[in-house]
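In order, the protein sequences belong to chains A and B.
Residue numbers for the first sequence follow the working numbering, beginning at 23 and rising by one.
Residue numbers for the second sequence follow the working numbering, beginning at 23 and rising by one.
In this text, a Cβ means the ideal position worked out from N, Cα and C, and glycines have one as well.
Below is one structure, written out as structure tokens, with a few remarks after it.
2 protein chains.
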Amino acid sequence: MDHDQDCPGLLPEPPAAELKLVCVLHALADPMRLRIVAELAGAGGDELNCLAFELPVTKSTMTHHFRVLREAGVIRQHRRGTSKMNTLRTEDLAARFPGLLEAVLAALPHCPRDAHATPAAGLETNC
Amino acid sequence: MDHDQDCPGLLPEPPAAELKLVCVLHALADPMRLRIVAELAGAGGDELNCLAFELPVTKSTMTHHFRVLREAGVIRQHRRGTSKMNTLRTEDLAARFPGLLEAVLAALPHCPRDAHATPAAGLETNC
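Laid out in structure tokens, this is it:
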């Protein structure tokens, strides 16, 4: 679970072979977490600092969302100084659940970085 | 929302064009609901009676799971006499979220109808 010895600064995460479908679906089943995933996907593999996500939630709620995504295996987090850097675990997800992340990303509305004031269409909180 | 006038016995459901990704993901993010979806997919479009699902949960919990799936638009439910009959909304889901249901079903372990005593591998409740 903890790869710190191999990669200093890496926060604990499940190995690719142990990702669980229920946990990944749960992690994705939230509009804020979907926005994080969409922004990371749009970064094309680049790491994004948590502070780059201008979500309309408190810092502690944002920390919670990133932790849910990391513990489910959707994202990878590294500490860099006082920052946490994030990437999507695209290859691990594709290997374990082929087509799932692509289908979710394709279903998301366009989510521009400068449109944080209102939720993107289709990302309503309530069912 | 309510198609009863068009189709007597149909329980209320969201129209295909109004299915929400977050709600569908939430509905799928549960091991019992995934088993229901897997069994319905295995039925090849045939209707299945709620009573045909021998899940290790109480009747009220089972009713809850079916309702969550129906209200998210994952399944369709008809009353037939005192029974509720269920089908997957495969075409509606494919039209709104192409590839999503297929990816989820492909990620599921084989879930035989006679293996209800223990959860199928990969369908653990805890993340």
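Taking all protein chains shown into account, decide if A128/A is buried (16 or more other Cβ within 10 angstroms of its Cβ) or exposed.
Exposed: under 16 other Cβ atoms inside 10 Å.
Could you name the residues of the same chain whose beta carbon sits closer than 8 Å to that of F119/A, not counting the 5 residues immediately before and after it, in chain order?
Within the same chain, Cβ atoms closer than 8 Å to the Cβ of F119/A are found at L41, L43 and V46, the five residues on either side in sequence being excluded.
Environment of V79/B [buried if 16+ CB atoms lie within 10 Å]
Exposed.
Please classify K42/A: does DSSP put it in a helix, a strand, or coil?
For K42/A, the secondary structure class from DSSP, reduced to helix, strand or coil, is coil.
Counting only runs that start and end within the region 57 to 122 of chain A, where is the beta strand (DSSP E) found for 3 or more residues in a row?
You should have 97 to 102 and 105 to 110.
So, with DSSP's three-state summary, where would you put L33/B?
In the structure shown, L33/B sits in coil (DSSP, three-state: anything other than H, G, I, E or B).
Simplified DSSP state of A51/A, which is helix, strand or coil
Secondary structure of A51/A (DSSP, three-state): coil.
Under three-state DSSP, which class holds G144/B?
Its pLDDT being 49, under 50, G144/B is placed unreliably by the model, and the measurement read from it follows with that caveat. The DSSP-derived three-state label of G144/B is coil.
DSSP on L127/B, reduced to helix/strand/coil?
Note: L127/B maps to helix in three-state DSSP.
Own chain partners of A39/A with C-beta closer than 8 Å, once the 5 adjacent residues on each side are dropped:
The answer, listed in chain order, is R118.
For my contact list, L123/B and T109/B are in at a C-beta cut-off of 8 Å; report their separation, rounded to the angstrom.
Contact between L123/B and T109/B fails: their C-beta atoms lie close to 13 Å from each other, not under 8 Å.
Spell out whether any CB of chain B is found under 8 Å from the CB atom of L33/A.
Taking a beta-carbon distance threshold of 8 Å, L33/A does not count as an interface residue toward chain B.
Could you work out which residues of chain B lie near F119/A, taking near to mean beta carbons separated by less than 7 Å?
Within chain B, the residues near F119/A are A125 and A129.
Quick one: does D114/B have its CB under 8 Å from some CB of chain A?
Taking Cβ atoms only, chain A never reaches closer than 8 Å to D114/B, which makes this a no.
Kindly give me the distance between the Cβ atoms of L91/A and A49/A, rounded to whole angstroms, as I take these residues to be in contact under 8 Å.
Correct: roughly 5 Å between the Cβ atoms.
I need the straight-line Cα distance from V96/B to G64/A, nearest angstrom please.
Each residue's alpha carbon lies about 28 Å from the other.
Would you mind giving the Cβ-Cβ distance between L56/B and R101/B, rounded to the nearest angstrom? I have them listed as a contact below 8 Å.
The Cβ separation is near 25 Å, so there is no contact.
Does the distance from the C-beta atom of A125/A to that of A125/B stay below 8 Å?
A Cβ-Cβ contact shorter than 8 Å links A125/A with A125/B.
Buried/exposed call for K81/A, threshold 16 Cβ in 10 Å:
The residue is exposed, with fewer than 16 neighbouring Cβ atoms inside 10 Å.
Would D52/B and H87/B be called neighbours here (beta carbons separated by less than 8 Å)?
Yes.
Note down the Cα distance separating L116/B from D68/A, rounded to an integer number of angstroms.
First, the amino acid is wrong: residue 116/B is Ala here, not Leu. Rounded to the nearest angstrom, the two C-alpha atoms are 31 Å apart.
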